[in-house]
Each structure stands twice: as C-alpha cells, then as structure tokens.
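Colleague:
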Amino acid sequence: PVISRDEGYRSIFCYEEAIGFCCGGVIFDKDGISAMAVFAQLACNVYSRGLTLASHLQTLYDKYGEFVSNNGYYIYEDKMVVFEIFDRIRRNGYPRAVGGYDVEFIRDLGDPGYDSGQPDNRPVLPTSASSPMMTISFKNGCVAQLRPSGTEPKFKYYLEMRGRPGVPRREVEADLLLMSDIILEELLKPSQSGLVKV
Numbered sequence: 022p023v024i025s026r027d028e029g030y031r032s033i034f035c036y037e038e039a040i041g042f043c044c045g046g047v048i049f050d051k052d053g054i055s056a057m058a059v060f061a062q063l064a065c066n067v068y069s070r071g072l073t074l075a076s077h078l079q080t081l082y083d084k085y086g087e088f089v090s091n092n093g094y095y096i097y098e099d100k101m102v103v104f105e106i107f108d109r110i111r112r113n114g115y116p117r118a119v120g121g122y123d124v125e126f127i128r129d130l131g132d133p134g135y136d137s138g139q140p141d142n143r144p145v146l147p148t149s150a151s152s153p154m155m156t157i158s159f160k161n162g163c164v165a166q167l168r169p170s171g172t173e174p175k176f177k178y179y180l181e182m183r184g185r186p187g188v189p190r191r192e193v194e195a196d197l198l199l200m201s202d203i204i205l206e207e208l209l210k211p212s213q214s215g216l217v218k219v
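So the number in the numbering used here is just where the residue sits in the sequence shown, counting from 1, plus 21.
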C-alpha cells in the first residue's frame with residue numbers, strides 16, 4: 022500500500038542515498054534548494070549556541086554512535102544474472118547467517134515478496150517482479166541492500182552500520198569493510214556470476 026497525505030500521513034524527511042533530500046511538506050520531491058534552506062536554519066541554530074556544525078555532528082555521534090556506509094556497484098552483461106542472484110539467495114529458504122554474521126531480518130521486494138520482520142512475512146512495501154530489491158538486517162547493526170539499477174546494467178549495493186556509542190569511527194569503518202567483503206562475496210558470488218567491480 023502507498024501511504025497518502027489524504028489518509029492523514031505526512032512526510033517529515035526523505036532522502037536518496039546518493040543525492041537529494043525532501044524536508045517537510047512544502048516540496049514533495051528531492052530538492053536541493055529547499056534542503057539548503059533547512060540546512061541554513063540548522064546552521065543558524067547551531068551557531069547561535071556557540072557550536073560549529075562539526076562539533077554538533079560529533080555530539081550526535083557521541084550519543085548515538087558513528088554511522089558509516091559502503092556503497093558501490095558491479096556491472097554485468099546479461100540482465101538475467103540479477104534474477105539468478107536473487108533466486109540463489111532465496112533458494113532453500115533465506116539465510117539465517119551470512120559469513121558468520123547472524124541475520125535479524127530479511128525483506129525481499131521481488132515477486133512474490135517476503136519480510137521476516139512482519140507477522141505474516143508479507144512486505145508492507147510494494148513488490149516488483151521486474152525490479153527486485155533485498156534488504157538484509159544483521160544482528161550487529163549492519164544493513165545490506167541489494168538491487169539492480171533501473172536504467173543501467175549495474176548491480177548496486179548499499180551497506181551501512183551504526184557503531185555503538187564510544188566506538189571510534191575507524192573501528193566501525195573497518196568492521197563494515199570486512200563485513201562488506203564477506204557479504205558481497207557470499208551473496209553475490211561476483212566472479213561466478215559474471216559481475217565486474219567498478
């Protein structure tokens with residue numbers, strides 16, 4: 022189901038990983054100009070308290086932990102490889118662990134759809150047979166999203182992790198990079214699948 026303003030819902034903040042922010046309910050698209058206005062408001066508030074943006078961000082990291090990401094893509098020649106990869110992950114049930122990392126939830130938005138975080142295992146988000154996407158949440162806080170590009174022969178991955186408060190950023194980054202290598206190799210099997218890292 023699609024959530025609608027007509028049903029009383031409102032958007033507070035939306036974003037696309039690579040670029041674009043949608044702040045509030047004035048402009049309903051990723052818009053750099055309105056996002057800059059909201060950022061200017063934030064900066065005024067932060068500076069009025071005698072802080073810098075960098076120190077304010079560090080305060081948030083100290084409280085909630087460091088957030089790091091590792092995003093990229095592989096290119097492929099045969100588009101069927103995308104479906105073969107997702108089918109392989111689904112085969113014999115979804116994995117409970119990947120490379121020794123325990124899985125907490127899996128959401129598969131390919132057809133027919135699956136979400137282990139929902140009581141009926143049915144995803145709340147729409148599914149698509151032609152444009153599958155899988156999100157795997159691990160018990161250690163890592164989240165991996167896998168999907169093909171909608172416009173180019175690219176298999177994209179987005180891995181992110183929130184560290185525990187007090188753990189230095191470099192340690193969280195090192196953990197995520199190690200985990201990324203293991204997850205991508207085990208799930209995608211790039212050399213076997215004909216994927217080329219860019």
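Glycine included, each C-beta is placed from N, C-alpha and C at the ideal position.
Values in this document were obtained by computation on a predicted structure and should not be read as measured data.
1. CA-CA distance, Y229 and S152?
2. So what's Y121 in DSSP terms, helix, strand or just coil?
3. With V188 and G86 assumed to form a contact (beta carbons below 8 Å), what rounded beta-carbon distance in angstroms separates them?
4. Within 10 Å of its beta-carbon, does Y36 have 16 or more other beta-carbons around it, so buried, or fewer, so exposed?
5. Which complete beta strand (DSSP E) runs does the region 37-74 hold, if anything under 3 residues is left out?
6. Given a threshold of 16 other Cβ atoms within 10 Å of its Cβ, counted over all protein chains shown, does D129 qualify as buried or as exposed?
7. Sorry if obvious, but does the Cβ on I96 come closer than 7 Å to a heavy atom of the ligand SAM?
8. For the structure I just gave you, are there three or more beta carbon pairs, one from the region 145-165 and one from the region 59-77, closer than 8 Å?
9. If contact is defined by three or more beta carbon pairs under 8 Å, each pair taking one atom from either stretch, is the region 180-187 in contact with the region 137-152?
10. Under three-state DSSP, which class holds E222?
11. At the level of alpha carbons, what is the spacing between S201 and M57?
12. Near A165, which residues of its chain fall below 6 Å by C-beta distance, leaving aside the five closest residues on each side in sequence?
13. Do you know whose CA, among E125, K175, F107, lies nearest D132's CA?
14. Would you identify the three-state DSSP class for E206, choosing helix, strand or coil?
15. Comparing C-alpha positions only, which one of E38, D123, D52, V67 sits nearest to G93?
16. Using the DSSP secondary-structure output, state which residues sit across from F34 in a beta bridge.
17. So what does DSSP say about A150, is it helix, strand or coil?
18. If I110 and L197 are in contact, beta carbons under 8 Å, what's the gap, nearest whole angstrom?
19. Give the DSSP bridge partners of L198, in chain order.
20. What's the C-alpha gap between K100 and S69?
Modeller: Result, derived from the coordinates:
1. Limits of the chain in this structure are 22 at one end and 219 at the other, which puts residue 229 out of reach.
2. Numbered from 1 along the sequence shown, position 100 holds the residue referred to as residue 121. The amino acid at residue 121 is misidentified as Tyr; the sequence shows Gly. Here G121 sits in coil by DSSP.
3. By one-based count along the sequence shown, residue 188 stands at place 167. By one-based count along the sequence shown, residue 86 stands at place 65. With a Cβ gap of about 7 Å, V188 and G86 count as contacting.
4. Working through the sequence shown from its first residue, we reach residue 36 at position 15. So Y36 ends up on the exposed side.
5. 42-44
6. Against the sequence shown, residue 129 aligns to sequence position 108. Buried: at least 16 other Cβ atoms inside 10 Å.
7. Ligands are entirely absent from the displayed structure, and the ligand SAM is therefore not among its contents.
8. no
9. no
10. No information on residue 222 is available, as it lies outside the stretch 22 to 219 that the chain covers here.
11. Your numbering for residue 201 matches position 180 in the sequence shown. Your numbering for residue 57 matches position 36 in the sequence shown. C-alpha separation (whole angstroms): 32 Å.
12. The residue labelled residue 165 in the question sits at position 144 within the sequence shown. I157, L180, I204.
13. Working through the sequence shown from its first residue, we reach residue 132 at position 111. For the residues E125, K175, F107, the minimum Cα distance to D132 belongs to F107.
14. By 1-based counting over the sequence shown, the position of residue 206 is 185. E206: helix per DSSP, three-state reduction.
15. For the purposes of this step, residue 93 is identified with residue 72 of the sequence shown, where counting begins at 1. If we check each option's Cα against that of G93, E38 comes out closest.
16. Residue numbering aside, residue 34 sits at position 13 when the sequence shown is read from its first letter. C44, per the DSSP bridge assignment.
17. Against the sequence shown, residue 150 aligns to sequence position 129. Three-state result, A150: coil.
18. For the purposes of this step, residue 110 is identified with residue 89 of the sequence shown, where counting begins at 1. For the purposes of this step, residue 197 is identified with residue 176 of the sequence shown, where counting begins at 1. No, I110 and L197 are not in contact; Cβ-Cβ is about 20 Å, not under 8 Å.
19. The sequence position of residue 198 within the sequence shown is 177, counting from 1. Its beta-bridge partners do not exist; DSSP assigns none.
20. Taking the first residue of the sequence shown as 1, we reach residue 100 at position 79. Taking the first residue of the sequence shown as 1, we reach residue 69 at position 48. The straight-line gap from Cα to Cα measures roughly 53 Å.
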